[in-house]
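Enquirer: As they're listed, the protein sequences go chains V and Y.
The first sequence begins at 50 in this note's numbering and counts up by one.
The second sequence begins at 13 in this note's numbering and counts up by one.
Just so it is clear, CB atoms sit at the ideal spot from N, CA and C, and this is done for glycine as well.
Quick caveat, the model's predicted, so the values are computed rather than measured.
Got a structure for you, written out below as C-alpha cells; questions coming shortly.
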Amino acid sequence: MIEVRDLKIHYGDLVAVDQLCFSVKPGSIFGLIGPNGAGKTSAIKAIATLLEPTYGDIWVKEISALHQPEKARKLLGYMPDFPPVYEDLKIWEFCDLFAHAYGLVGEHRKASVLQSLHATGLKEQMNAPCRTLSRGMRQRALLAKTLVHDPAVLLLDEPAANLDPKSRIDLRNILKKLAGNGKTILLSSHVLSEIEDTCDTLGFMKAGKMALCGTIDEITRSNRQNCLLKIHLSRAVPNLLKVIDQISILSEFKETGTEGTRFRASMNGGEKEATEVLAQLVNAGLPVAGFICHRPSVEDLFLQIESQPTVEKQAE
Amino acid sequence: MNPLIIRGIRERLRIKNLIASGLLSLILCSTLYLAAFLDGMQTWVPAAVSSSGKDELLSIPLNGAREAFTVLLILQGFYLMFLGTGRVASGTAEEKESGLLDYQRMTPMSPLSKITGYLFGLPSREYLMFLITLPFLLHCMVVGEIPPLNLAQLYAVFFCSVLLYHLTAHVIGMVVARPRAASWVARLAVLGLYVFLPVLGQAGISFLSFLTIIPTYFGKILPHLLAEGTEKLGRFEGQAVAFWQEVPFFTIQVSPTTFTFAMQGMILLGLLFTAYRKWRLDSLPALSKPLGLGLFVILQFLLLGSLWPFFSLGEASGLLGHALQLDPAKTGLPNQLKHDAQPAIAMIVVQAIFFLLNLAAVLLLINVCCPNPHRRLKGIQRKEKLGIHRIPSLADESPGGIFAIILSLIVSLAFACLHFLAVSSEQVNSVSSSLNTVFLPSLLFLCTSLSLRAAREQWFNLGFWGYVGLLWLTPVLACLVLAVDDLLGNSQFMLYLSALSPLTFFPQLITYVSPSLLSEASQFANFSMPVSTGISSAILLALVLTIRLFRYQKT
C-alpha cells in the first residue's frame, strides 16, 4: 500500500532522510520510531506529498506520490505532530469543511462528519468552538478531520502526544479497528510502549536512515541472543567483579543502584544460559536475592540502537 | 458553494461579528458621507448666475452627492483594499505557519477553487462592511446624477483592483513565513506596486499608471463630479482628466478602462500562476523559468508600446510631456545647458528609468527563479537517476546562467528597437547614432545580471541581499554625503564612486553616450574615465563571481 524507495531529503547541506526504504502492507499499522531529528516527520511529510524529496520514489496504492500528487492525496489522511485547528470554527464545522472539500455532499457528508466525531468521542462536544479545546481534544478533532473522508491510508505524526492515558487507549482501539477494516496506517511516536502495543510492524530511524525494520516478532527474534539480566544481591560483595569476569557470556555489566547490590548485564543466550549464570553466581558464594532474565523490549532496542553507531545496511 | 468561502463566513461573520462590523461600517459611512454631503451641498452661487442677482449660498443636493462620492469611494477602498488586503495576507500566512494550509493543500479541490475560496472567504467581514456602503452609493448616483454606465466601469475596475490586491496579498502570505510580517509586507507591496510605481507613468511609461482605479476615476468619473454652476475643472484635475482620457500605445489610442483591465488582467494571470504553483507544492519556486521569461517578454512589450510615441515622435504625456513643453528660460538649468536641453534630459530620464525598471524586474526574477542549494542538489541527483547528460536549461533545478543571459538579451533587443526608432525618426534628435549607445548599456546590463545570478546561487538569501545592499546602495549613500559636503569639488570622485553601483551608473552611462549633453556636461566633470572604470569593474565582478560559483558548485 505504501512503498518508499531510496528516499533522500536534504535541507541545504543537512541530510534529513538518507536512502530510506520501507513498505507498509494494507491493513497494517507501521510504527516509525527514532530520536528527535531522525527524519520521521520529514519522511511522513514527503509521503503526504507536502515535502518534495531530493531523490527517491514514493508509491501509495501504486500511485506515485511524486508524479501524481493530486491522485495520491485522495487516498491519504494526514495528521501532523502538532494540532492546528481553525480557532473560530465549531468542531463539527471544522470536520464539515474538510468533508465538503473532499467532495462529500448532502446527507452523506453529514453522516460522515457525525461518524468521525463519534469514532473520536467528540460527538458530545461537537458544538464547542475549537479555540476552547485542550491540546488532547484538539488532537481528537484533528483525527476526526483526518478520518472524515474515509482515507485508505492514514499518516499520523505523533498522534498520541498530549493525550491522557484513557485517550491513548481509545486511540489505540480506534487505530486497531481501522486497521481491521483494511486501512493502512503509518504512525510515528516517542511513546514506545504505546507503539509496541499498537503497531504490528516497526521501523527504527536514526540519522535519516532506517536502522532496523520488520514485524515486532522478527525484530525481537533477531535480538533473541541478547537477554537482559537484572541481578539483586542482599549485601555488597567485594570480589564481585572477579566472579563476573569469569562468566564469559556476560557483557555490559553495570551497577544500577548506589549500594553495590543492584546490577544489570547483557547476556548472549536464552533461558538455559541464564540458569547456568545463576548457578555460577550462587556457587561463587554471592548472596543472590533476585535474578530476572528478560528479552529486550522495543524500548530497550530503541536505546540500544540509539547508542550504536549508524547502521549502514538498509532494512527492507 | 466553495467550502472555503463558507468557512470564511462561519469564522468571521457569526452573529456577534456581523452586528459589530455592520454597525461600525454604518456609523462610519453615514458620518463621513453625511458630513461630505452637507458640506458639498452648501454652494455659493455668483451673482451672474443667481436668480436673485446677487451672490448667495444655496443648498444644492446634487453638489452634495457629487462631493460625497469621492469620500465614499475612499472609504470603500479602505475597507476592501487596505483592511481586506491585510486580512488575506495575514490569514494566509497564519495558516501557512500553523500547518492549516497543508490540510487544504491535501484536499482534492483544484488550486483555482482554493484560491477563490481564500480570496472571498478570508475578507468576508470586509465585504460585508462594503455592502453596508451600497445604499449610500445608490443615493449618490441618483441624487448626484452620475451616469450609471460610467459608474459601472469604475466599479468593474474597482473590483478588478481589489482582486489584484487580494491575490498579491495571498501570494505574499504564501511566500512570507511570519504572519505579522506578511500582513505589512503585503500592504507595502500593494502600496509600492500600485501607488508608487504608477508615478512612473508620469515619466512616459504610461502602462504603469493603469494598475489602479485612478485612471478610470479621473477619465470616466471626475468630469461628471463637477458642481452645478461650475463650468470647468481646476488646473490639476483638468490635467489629470486630460492625461487619463486615451492611452497612446504604439501607434494607437486605447481607452483607460480597457487598458486598466488589460494591465490588471496580465498581473492577475502572473499571480494566479504563482499561487497555483505554491498550492501544488510549497517548496516550488514562485515562478518557473519559462513563466518568468514569458512575463518578462510581456513587460518589454508594454514598455515598447508605452515608449513608442516618445521615441518615434518625441511626444509624452504626464509630467514628462509637461516638462518638454517648458520654456527653456524657466527651467532653472545652467545657461550652458539651456539650448535644447529638455528633450535630451527627458531622453536620459526615460532611458535610465527603462534600464532601472528592467533591473528591478531582473533582480526579482533571478531571486525567484534561480535554484537554491537544495534544488540544485535535487537536480544533480535527478540527472544521475534519469541518466541524462544535463538538466534542461529551463528546469527549476538548472543553474540560472542561461536564464540571466536570455533576460539581458531581451532587454538589449527592446532597447535597440527603441534606439533605432529614435535614430530613424525626424522628430527626435537627442540620441546618438553610435552603436556604443546600445552596446555599452547592454553590456553593463548583462554583467549586472550575471553577477546577480552568481551571487544568488552561491550565497542565497542573506548573502545575496547583503551583496545587493552593499554594492548597490553604499556608493549611492557615499555620493550623497559627498554631494552635501561639496558638490562641485567632489564631482569627479563622485562619478568614480557612482560608477560602482548599477543604480547610479546607468544614468551616468546614458548621459555619457548622449550626444547633446556630454559636450556641456563635460565642462563640469570628465565622464570618460569613470565610465571605463565602471564598465571594467562590472565585467570583472561578473567574471570573478561566475568563476567562484563554478568552483563552489564543482566542490
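Indicate whether at least one CB of chain Y lies closer than 8 Å to the CB of V:GLU52.
Expert: Stepping through the first sequence from its first residue, residue 52 of chain V is reached at position 3. Cβ-Cβ to chain Y under 8 Å: no for V:GLU52.
Enquirer: Within the same chain, show all residues whose beta-carbon is closer than 7 Å to that of Y:LEU507, passing over the 5 residues directly before and after it, in chain order.
Expert: As a working note, residue 507 of chain Y is residue 495 in the second sequence. Within the same chain, Y:LEU507 has close Cβ partners GLN520, ALA537, PHE539 and PRO542.
Enquirer: In chain V, which residues lie with their C-beta within 8 Å of the C-beta of Y:TYR206?
Expert: Along the second sequence, read from residue 1 onward, the residue named residue 206 of chain Y stands at position 194. The premise fails here: Y:TYR206 is roughly 30 Å from chain V at the closest Cβ pair, so nothing lies under 8 Å.
Enquirer: Quick check: is the beta carbon of Y:ASP114 nearer than 8 Å to any beta carbon in chain C?
Expert: The chain inventory of the structure shown lacks chain C, comprising the protein chains V and Y.
Enquirer: Which of the three DSSP states, helix, strand or coil, is assigned to Y:CYS491?
Expert: Within the second sequence, residue 491 of chain Y is the residue found at index 479, counting from 1. Here Y:CYS491 sits in helix by DSSP.
Enquirer: Put Y:SER4 into one of helix, strand or coil per three-state DSSP.
Expert: Residue 4 of chain Y lies beyond the residue range present for chain Y, which begins at 13 and ends at 567; the question has no answer from this structure.
Enquirer: Pick out whichever of V:GLU52, V:LEU192 and V:HIS198 has its Cα sitting closest to the Cα of V:LEU124.
Expert: Taking the first sequence and counting its residues from 1, the one referred to as residue 124 of chain V is at position 75. That would be V:HIS198, whose Cα lies nearest to the Cα of V:LEU124.
Enquirer: Give me the chain V residues within the contact set of Y:LEU385, using Cβ-Cβ distance strictly less than 9 Å, ordered along the chain.
Expert: Mapped onto the second sequence, residue 385 of chain Y falls at position 373. Per the sequence presented here, residue 385 of chain Y reads as Pro, with Leu not at that position. Chain V residues near Y:PRO385: HIS59, GLY61 and ASP62.
Enquirer: Given this structure, state the Cα-to-Cα distance separating Y:ARG289 from Y:CYS172, to the nearest angstrom.
Expert: For the purposes of this step, residue 289 of chain Y is taken as residue 277 along the second sequence, with counting starting at 1. For the purposes of this step, residue 172 of chain Y is taken as residue 160 along the second sequence, with counting starting at 1. Cα-Cα distance, rounded: 22 Å.
Enquirer: Would you please verify whether the beta carbon of V:THR169 is less than 8 Å from any beta carbon of chain Y?
Expert: Here residue 169 of chain V refers to the residue found at position 120 of the first sequence. Not one chain Y Cβ lies under 8 Å of V:THR169.
Enquirer: At 8 Å on the CB atoms, spell out the chain V contacts of Y:ARG19, in chain order.
Expert: Within the second sequence, residue 19 of chain Y is the residue found at index 7, counting from 1. TYR135, LEU138, GLU142 and LEU146, listed in chain order.
Enquirer: Do we get a CB-CB distance below 8 Å when we pair V:LEU335 with the residues of chain Y?
Expert: Here the question's residue 335 of chain V lines up with position 286 in the first sequence. Taking Cβ atoms only, chain Y never reaches closer than 8 Å to V:LEU335, which makes this a no.
Enquirer: Does the distance from the C-beta atom of V:ALA87 to that of V:MET316 stay below 8 Å?
Expert: Numbered from 1 along the first sequence, position 38 holds the residue referred to as residue 87 of chain V. Numbered from 1 along the first sequence, position 267 holds the residue referred to as residue 316 of chain V. Taking 8 Å as the Cβ cut-off, V:ALA87 and V:MET316 do not qualify as a contacting pair.
Enquirer: Counting only beta-carbon separations shorter than 8 Å, does Y:ILE27 have a partner in chain V?
Expert: Indexing the second sequence from 1 puts residue 27 of chain Y at position 15. For Y:ILE27, the answer is no, since every Cβ of chain V falls outside 8 Å of its Cβ.
Enquirer: Distance, Cα to Cα, V:ARG180 vs Y:THR272?
Expert: For the purposes of this step, residue 180 of chain V is taken as residue 131 along the first sequence, with counting starting at 1. For the purposes of this step, residue 272 of chain Y is taken as residue 260 along the second sequence, with counting starting at 1. Spanning the alpha carbons of V:ARG180 and Y:THR272 requires a straight line of approximately 43 Å.
Enquirer: In angstroms, rounded to a whole number, what distance separates the CA positions of Y:SER102 and Y:SER195?
Expert: Along the second sequence, one-based indexing puts residue 102 of chain Y at 90. Along the second sequence, one-based indexing puts residue 195 of chain Y at 183. Approximately 5 Å between the Cα atoms of the pair.
Enquirer: List the DSSP bridge partners of V:HIS281.
Expert: Taking the first sequence and counting its residues from 1, one reaches residue 281 of chain V at position 232. Note: V:HIS281 sits in a beta bridge opposite V:ARG311 and V:GLY339.
Enquirer: In chain V, what lies closer than 8 Å to Y:SER295 by C-beta?
Expert: Against the second sequence, residue 295 of chain Y aligns to sequence position 283. Think of a sphere of 8 Å around the beta carbon of Y:SER295: the chain V residues whose beta carbon falls inside it are LEU100 and GLU101, in chain order.
Enquirer: Taking the straight line between their C-alpha atoms, what separation do you get for Y:GLU327 and Y:LEU238?
Expert: Walking along the second sequence from the start, residue 327 of chain Y turns up at place 315. Walking along the second sequence from the start, residue 238 of chain Y turns up at place 226. The alpha-carbon atoms of Y:GLU327 and Y:LEU238 are separated by roughly 30 Å.
Enquirer: Could you work out which residue in Y:ASN502, Y:ARG24, Y:PHE505 and Y:LEU284 is closest to Y:PRO123 when comparing CA atoms only?
Expert: To locate residue 123 of chain Y, count along the second sequence from 1; it is residue 111. For the residues Y:ASN502, Y:ARG24, Y:PHE505 and Y:LEU284, the minimum Cα distance to Y:PRO123 belongs to Y:LEU284.
Enquirer: Kindly indicate which residue of Y:VAL211, Y:ALA32 and Y:ILE184 has the alpha-carbon position closest to the one of Y:ARG137.
Expert: Taking the second sequence and counting its residues from 1, one reaches residue 137 of chain Y at position 125. Checking every option, the nearest Cα to that of Y:ARG137 belongs to Y:ALA32.
Enquirer: Quick one: residues in its chain with C-beta nearer than 6 Å to the C-beta of V:GLU136, no 5 flanking neighbours on either side, listed in chain order?
Expert: Taking the first residue of the first sequence as 1, we reach residue 136 of chain V at position 87. Excluding sequence neighbours, V:GLU136 sits near CYS179 and ARG180.
Enquirer: Quick one: what's V:ASN317 bridged to in DSSP?
Expert: Position 268 of the first sequence holds residue 317 of chain V. Bridge partners of V:ASN317: V:ASN275.
Enquirer: Between which residues of its own chain and Y:LEU44 is the CB-CB distance below 7 Å, once the five residues before and five after are set aside?
Expert: Looking up residue 44 of chain Y in the second sequence gives position 32. Same-chain partners within the cutoff: VAL83 and LEU87.
Enquirer: Whole-angstrom Cβ separation of V:LEU330 and V:VAL292, contact assumed at under 8 Å?
Expert: Reading the first sequence from its first residue, position 281 is the one you call residue 330 of chain V. Reading the first sequence from its first residue, position 243 is the one you call residue 292 of chain V. With 8 Å as the limit, V:LEU330 and V:VAL292 qualify as a contact, their Cβ atoms being about 7 Å apart.
Enquirer: Grouping DSSP H, G and I as helix and E and B as strand, with all else coil, what is Y:GLY399?
Expert: For this step, residue 399 of chain Y is matched to residue 387 along the second sequence. The answer is coil: DSSP assigns Y:GLY399 none of H, G, I, E or B.
Enquirer: Between the beta-carbon of Y:LEU205 and the beta-carbon of Y:LEU179, is there less than 8 Å?
Expert: Stepping through the second sequence from its first residue, residue 205 of chain Y is reached at position 193. Stepping through the second sequence from its first residue, residue 179 of chain Y is reached at position 167. Cβ distance not < 8 Å, so Y:LEU205 and Y:LEU179 don't count as in contact.
Enquirer: Give the single residue among V:ARG284, V:GLY318, V:ILE218 and V:ALA328 whose Cα lies nearest to the Cα of V:GLU308.
Expert: Along the first sequence, one-based indexing puts residue 308 of chain V at 259. That would be V:ARG284, whose Cα lies nearest to the Cα of V:GLU308.
Enquirer: Please work out which residues of its chain come closer than 6 Å, Cβ to Cβ, to V:GLU361, disregarding the five sequence neighbours upstream and downstream, and give them in chain order.
Expert: Taking the first residue of the first sequence as position 1, residue 361 of chain V is located at position 312. Bear in mind that the predicted position of V:GLU361 carries a pLDDT of just 44, short of 50, making it unreliable; the figure below should be weighed with that in mind. Result list for V:GLU361: empty, nothing under 6 Å.
Enquirer: What separation, rounded to the nearest whole angstrom, lies between the Cα atoms of V:LYS258 and V:ILE93?
Expert: By 1-based counting over the first sequence, the position of residue 258 of chain V is 209. By 1-based counting over the first sequence, the position of residue 93 of chain V is 44. Spanning the two alpha carbons is a distance of roughly 14 Å.
Enquirer: For Y:THR460, which option in Y:SER446, Y:LEU447 and Y:LEU421 has the closest C-alpha, if you only look at C-alpha atoms?
Expert: Here residue 460 of chain Y refers to the residue found at position 448 of the second sequence. Comparing Cα positions, the closest option is Y:LEU421.
Enquirer: Pull up the CB-CB distance for V:HIS149 and Y:PRO15, whole angstroms please, since I reckon it's below 8 Å.
Expert: For the purposes of this step, residue 149 of chain V is taken as residue 100 along the first sequence, with counting starting at 1. For the purposes of this step, residue 15 of chain Y is taken as residue 3 along the second sequence, with counting starting at 1. That belief holds up - the Cβ atoms of V:HIS149 and Y:PRO15 are roughly 4 Å apart, short of 8 Å.
Enquirer: By the 10 Å Cβ neighbour count, where 16 or more other Cβ atoms means buried, how is Y:VAL207 classified, buried or exposed?
Expert: What you label residue 207 of chain Y is simply residue 195 of the second sequence in a count that begins at 1. Around the beta carbon of Y:VAL207, fewer than 16 other beta carbons sit within 10 angstroms, so the residue counts as exposed.
Enquirer: Comparing the C-beta of V:ARG122 with each C-beta of chain Y, is any distance below 8 Å?
Expert: Position 73 of the first sequence, counting from 1, holds the residue named residue 122 of chain V. Yes, because at least one Cβ of chain Y sits closer than 8 Å to the Cβ of V:ARG122.
Enquirer: If you check the beta carbons only, do V:LEU196 and V:SER165 fall under 8 Å apart?
Expert: Taking the first residue of the first sequence as 1, we reach residue 196 of chain V at position 147. Taking the first residue of the first sequence as 1, we reach residue 165 of chain V at position 116. Yes, they are a contact pair.
Enquirer: What does Y:GLY111 reach in chain V if we use C-beta pairs closer than 8 Å?
Expert: Numbered from 1 along the second sequence, position 99 holds the residue referred to as residue 111 of chain Y. The contacting residues are PRO129, PHE131 and PRO133.
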